[in-house]
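Working notes, beginning with the structure itself.
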Amino acid sequence: MLRGPCRLFRVSVAPVAALAVALVSSLSRCSLLEPENRVVSPLSPYFGTKTRYEDANPGLLPDPEAPRRDPQLLEETCTPVQLVALIRHGTRYPTTKQIRKLRQLHGLLQARGPGDDRIRAAGGGDLGAVLANWPLWYADWMDGQLVEKGRQDMRQLALRLASLFPVLFSRENCGRLQLVTSSKHRCMDSGAAFLQGLWQHYHPGLPPPDVADMECGPPRINDKLMRFFDHCEKFLTQVERNATALYHVEAFKTGPEMQNILKKVAGILQVPVNNLNADLIQVAFFTCSFDLAIKGVKSPWCDVFDIDDAKVLEYLNDLKQYWKRGYGYTINSQSSCTLFQDIFQHLDKAVEQKQSSQPVSSPVILQFGHAETLLPLLSLMGYFKDKEPLTAYNYKEQMHRKFRSGHIVPYASNLIFVLYHCKNAKTPKEEFQVQMLLNEKVLPLAHSQETVSLYEDLKNHYKDILQSCHTSEECELPKVNTSDEL
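Count the sequence shown with mature numbering (1 follows the signal peptide of the UniProt record, and there is no 0) and you get residues -26 to -1, 1 to 460, in order.
Below you can see the structure in the form of structure tokens.
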């Protein structure tokens, strides 16, 4: 049995020889998944919510396990006493819906007759033929599940955070970690992989046991927090199931920018333009991103598009996220207030415990969710708001927009609240301070652009949200009066 200040896991240690074999096996698997030279594409900055974390955070590339301390983080007389992190799942497979669209497009390429090979007959390359023969390895069972690269995202994030906040992630605190997750397997598996990263931090060189044997236990499912949008009937009815809610998305698909790409791609692939649509073009673009993220392969799908195409396709993805995730229709951001309240309840409890000289009962709270968990919350807090809304008709005007989903919520994105206790505070109010980090970088306050806030001031700024959060009322559909009027 491993012994130390804290038993992170309830597990027996196998003989050294068995551990060595397991470790070698583990390292062998990892070596197959990590190409020596990282494959890049000029399209990578434009993949929206399908963006790799390291593409949005390139400073991690030299050593993805080493923490990068933001110089604006508090230090010296202020000690972190609690960390609340909202974490998007790691890299995943495409969904079954996306895979079936890709299969449809692949079938179009394979069905081309000899008379369609005009480019090859003229002595040029035929990208359509190359793609028709390119292995289509995606299968329906994958359906958005976490891939090995996604587990690696989580393990490396755990290692960086544990090194960046050693007091909070100490062995003494390991049994007091709280983990909450969405019920989706990619989120549950992300939580498990994060715990494996912590094991690696505490016990370098030893392979981790099964999550069920970990002392801090597997993450607890709470969809009302992590998938609040599924529990808001008004959002589901007025936005998710409403065919007209995404008007600007559909209008942009038939607009000049997308139609130009449609014609261009039809020419490149040598298929009739009438056989293509914006959805198939977008799935081809995302296939480039999936191949890069999952396999580290720059597939021929990437050669179909140039950077100008990528910017248009990024905007299409951003339009959808904008209108569905609380920026266009505010009902989704309003329904995230329960999650916001939950974060502040944890912080409040930590403050009360420190004030009464008690140890903080939960120094680390980790919540694993989705892009659609993070974006509405950031909207609610006032972040990434452009002066003009994103529409189907202002693509050129929005070239320098704040709302770029791939820069905000790539795979493994994270929003972190760090509560500090400052010993040498001049007043009781200054004793507790808060910083927020987005993707491990200090996030200036939306209302002041300061990098740190007194805890009471932050609560006061958001008091209207915290005090008037009534999700059941906000999400209730208006009652229809069916009685006849006389």
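We put the beta carbon where it would ideally sit given N, CA and C, even for glycine.
Excluding sequence positions up to five away, which residues of its chain have a Cβ less than 7 Å from the Cβ of residue i?
| i | result |
| --- | --- |
| L169 | V185, M188, C190 |
| L79 | L254, V257, A258 |
| V104 | P274 |
| E404 | C396, L428 |
How long is the line joining the alpha carbons of residue i and residue j, rounded to whole angstroms?
| i | j | result |
| --- | --- | --- |
| R299 | L349 | 6 Å |
| L293 | T365 | 7 Å |
| residue 466 | F406 | The displayed coordinates of the chain run from -26 to 460. Any statement about residue 466 would go beyond what the structure contains. |
| F279 | F259 | 7 Å |
| S446 | H205 | 9 Å |
| S15 | D283 | 14 Å |
| T401 | Y20 | 47 Å |
| W275 | L48 | 45 Å |
| P182 | G165 | 14 Å |
| G(-23) | Q332 | Low local confidence applies: a pLDDT of 37 at G(-23) is under 50, so the model's placement there is unreliable, and no value is given. |
| G102 | G241 | 9 Å |
| V334 | N434 | 23 Å |
| L451 | Q212 | 9 Å |
| T425 | P45 | 11 Å |
| P54 | V408 | 9 Å |
| A219 | K361 | 21 Å |
| V154 | I195 | 6 Å |
| M128 | I281 | 30 Å |
| R94 | D100 | Bear in mind that a pLDDT of 46 at R94, under 50, signals an unreliable position, so the model cannot answer this. |
| L135 | L432 | 23 Å |
| E207 | G179 | 48 Å |
| L250 | I235 | 11 Å |
| P109 | D277 | 16 Å |
| A252 | L82 | 15 Å |
| V416 | V247 | 47 Å |
| Y436 | S309 | 15 Å |
| R378 | G22 | 7 Å |
| V121 | N147 | 29 Å |
| Y429 | F358 | 22 Å |
| L76 | R86 | 16 Å |
| A267 | R26 | 6 Å |
| Q327 | P363 | 43 Å |
| Q56 | L142 | 7 Å |
| Y296 | Y303 | 8 Å |
| H320 | F314 | 10 Å |
| C161 | L172 | 17 Å |
In the DSSP assignment, find the alpha helix (DSSP H) that holds residue i and state where it starts and stops.
| i | result |
| --- | --- |
| A240 | 230 to 243 |
| A30 | 27 to 30 |
| E346 | 345 to 354 |
| N107 | 101 to 107 |
| R74 | 70 to 84 |
| V223 | 221 to 227 |
| H381 | 379 to 382 |
| N368 | Taken as a continuous stretch (DSSP letters only), N368 belongs to no alpha helix (DSSP H), as it is neither H nor E. |
| K24 | First-last for K24: undefined, no H or E at that position. |
| E288 | 281 to 298 |
| D253 | 252 to 264 |
Per the DSSP calculation, residue i is bridged to which residue(s)?
| i | result |
| --- | --- |
| A59 | L340, I390 |
| P54 | Y394 |
| L199 | In the DSSP output, where bridge partners are listed per residue, L199 has none listed. |
| R66 | L120 |
Could you name the residues of the same chain whose beta carbon sits closer than 6 Å to that of residue i, not counting the 5 residues immediately before and after it, in chain order?
| i | result |
| --- | --- |
| A30 | H381, P384 |
| Q152 | S336, I339 |
| G229 | A366 |
| L35 | E28 |
| Y394 | L48, C52, P54, Q407 |
| K24 | F260, S263 |
| E39 | Q130, L133 |
| residue 472 | Residue 472 lies beyond the stretch modelled for the chain, which goes from -26 to 460, so this question has no answer here. |
| S442 | none |
| D163 | L120 |
| S422 | none |
Give me, in chain order, the residues of the same chain whose beta-carbon lies closer than 8 Å to that of residue i; leave out the 5 immediate sequence neighbours on both sides.
| i | result |
| --- | --- |
| T51 | C396, K397, N398 |
| N388 | A59, L60, I61, R62, L131, L411, L412, N413, E414 |
| M116 | Y67, P68, T70, I73 |
| Q256 | L287, L290, N291 |
| D316 | L199 |
| K285 | Y20, M373 |
Is any heavy atom in the ligand FAD found nearer than 7 Å to the beta carbon of residue i?
| i | result |
| --- | --- |
| V257 | The model on display carries no ligand, and the ligand FAD is accordingly not part of it. |
Subject >> In chain order, each beta strand (DSSP E) run of at least 3 residues that lies wholly inside the region 397 to 448 >> reply: 406 to 412
Original post:
Fully enclosed by the region 123 to 197, which beta strand (DSSP E) runs are 3 residues long or longer?
Top reply: 152 to 155
Original post:
What are the complete beta strand (DSSP E) segments, minimum 3 residues, inside the region 310 to 335?
Top reply: none
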